[in-house]
Amino acid sequence: MPKVVITYICIVFGAFLQGLGMSLFLFPHNIPSGGAAGLAILMNHWVQLPLGLSLWIVNFSFLILALKYFGFSWTVKTMIAVTITSVTVSYVSTLGSFLTPFFWLDLLCGAVIFGVGVGLLIRSGSSSGGMVIPTLMIAKYNDWSPGKVMLWMNFFIFLLTASVIDIRIVFYAILCQTVSTNIIDFIYHLRAPTFITTNQLGWRKK
Numbered sequence: 092m093p094k095v096v097i098t099y100i101c102i103v104f105g106a107f108l109q110g111l112g113m114s115l116f117l118f119p120h121n122i123p124s125g126g127a128a129g130l131a132i133l134m135n136h137w138v139q140l141p142l143g144l145s146l147w148i149v150n151f152s153f154l155i156l157a158l159k160y161f162g163f164s165w166t167v168k169t170m171i172a173v174t175i176t177s178v179t180v181s182y183v184s185t186l187g188s189f190l191t192p193f194f195w196l197d198l199l200c201g202a203v204i205f206g207v208g209v210g211l212l213i214r215s216g217s218s219s220g221g222m223v224i225p226t227l228m229i230a231k232y233n234d235w236s237p238g239k240v241m242l243w244m245n246f247f248i249f250l251l252t253a254s255v256i257d258i259r260i261v262f263y264a265i266l267c268q269t270v271s272t273n274i275i276d277f278i279y280h281l282r283a284p285t286f287i288t289t290n291q292l293g294w295r296k297k
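In the numbering used here, each number is its position in the sequence shown, counted from 1, plus 91.
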């Protein structure tokens, strides 16, 4: 099977897993999956923009950065991933509740599935959109671990959102990010099979 076909299969599967983690276990408990949602909440609170519009502005701004610094192919792959994730969330959310009787098990399952999905996307030369884009810019430029960069960026944003949402939700979100970003780093540093494309971020220094 051609290498590019397997790469896109990994992107589709990673985006699907990300959507499952969000819709099955995180969103039903009102736990934001990342910093982009946190920024949207802050915009909604500070300038009274609708939450959906705020989230669109955040993601669109980051996609413009991606196009400028990572190129057209990478940006298209990210748009495909974001679309598949959105469709998965929209569809699965209509199927009813799949929550377990145990909140902490839901949190763990959501974080693990979300982390595996995002990790697959990054290894396949794509991303999940949102804060992953500036995370990869910083990580690539400084040769840092993307999971750790994402954790600290989201941690800072979640602390800001603590002023407008329940502090317990912020605590749960930070725990979720701690688990998922460690999984992302684990997948990112795995020895890749020859059919998986890695290190496709073509940084364009300005």
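Just so you know, even glycine gets a beta-carbon here, dropped at the ideal spot from N, CA and C.
Around the C-beta of residue i, are 16 or more other C-beta atoms found within 10 angstroms, so that it is buried, or is it exposed?
{"i": "T252", "result": "buried"}
{"i": "Y160", "result": "buried"}
{"i": "P93", "result": "exposed"}
{"i": "T185", "result": "exposed"}
{"i": "S78", "result": "It is not possible to answer for residue 78, since the shown part of the chain is limited to 92 through 297."}
{"i": "F153", "result": "buried"}
{"i": "L281", "result": "exposed"}
{"i": "I155", "result": "exposed"}
{"i": "P237", "result": "buried"}
{"i": "V240", "result": "buried"}
Within the same chain, show all residues whose beta-carbon is closer than 7 angstroms to that of residue i, passing over the 5 residues directly before and after it, in chain order.
{"i": "S124", "result": "M113, L117, F205"}
{"i": "L130", "result": "V149, I248"}
{"i": "I265", "result": "F246, F249"}
{"i": "T176", "result": "A106, Q109, G110, S219"}
Going along the chain, which residues of its own chain have a beta-carbon closer than 8 angstroms to the beta-carbon of residue i, five neighbours each way excluded?
{"i": "L211", "result": "C101, I102, F104, G105, L108, I278"}
{"i": "C267", "result": "L117, I122, S124, L198, G201, A202, F205"}
{"i": "A157", "result": "W165, T166, T169, S218, I224"}
{"i": "A298", "result": "In the structure as shown, the chain starts at 92 and stops at 297, and residue 298 therefore has no counterpart that could be examined."}
{"i": "W235", "result": "I229"}
Residues in the same chain with beta-carbon distance under 6 angstroms from residue i, minus the five sequence neighbours each way, listed in chain order, please.
{"i": "P119", "result": "L190"}
{"i": "W180", "result": "Looking at the sequence shown, residue 180 is not Trp but Val. Once the five neighbours on either side are set aside, the close Cβ partners of V180 are G110, M113, S114."}
Does the ligand FMN have even one heavy atom less than 8 angstroms from the beta-carbon of residue i?
{"i": "G210", "result": "As far as ligands go, the structure on display features none, and thus does not contain the ligand FMN."}
Would you kindly check if the distance between the Cβ of residue j and the Cβ of residue i is under 9 angstroms?
{"i": "K168", "j": "Y263", "result": "no"}
{"i": "L140", "j": "V183", "result": "no"}
{"i": "I229", "j": "I275", "result": "no"}
Please look up how many angstroms separate the CB atoms of residue i and residue j, rounded, as I've assumed it's under 8 angstroms.
{"i": "L133", "j": "V261", "result": "Not quite, the Cβ-Cβ distance comes to about 12 angstroms (not below 8 angstroms), so this is no contact."}
| query | Any chance the segment 200-215 sits against the segment 268-276, with 3 or more Cβ pairs inside 8 angstroms? | reply | Yes, since at least three Cβ pairs between the segment 200-215 and the segment 268-276 fall closer than 8 angstroms, the two stretches touch.
| Counting Cβ pairs, one atom from each stretch, are 3 or more of them under 8 angstroms apart for the segment 218-226 and the segment 161-178? | yes
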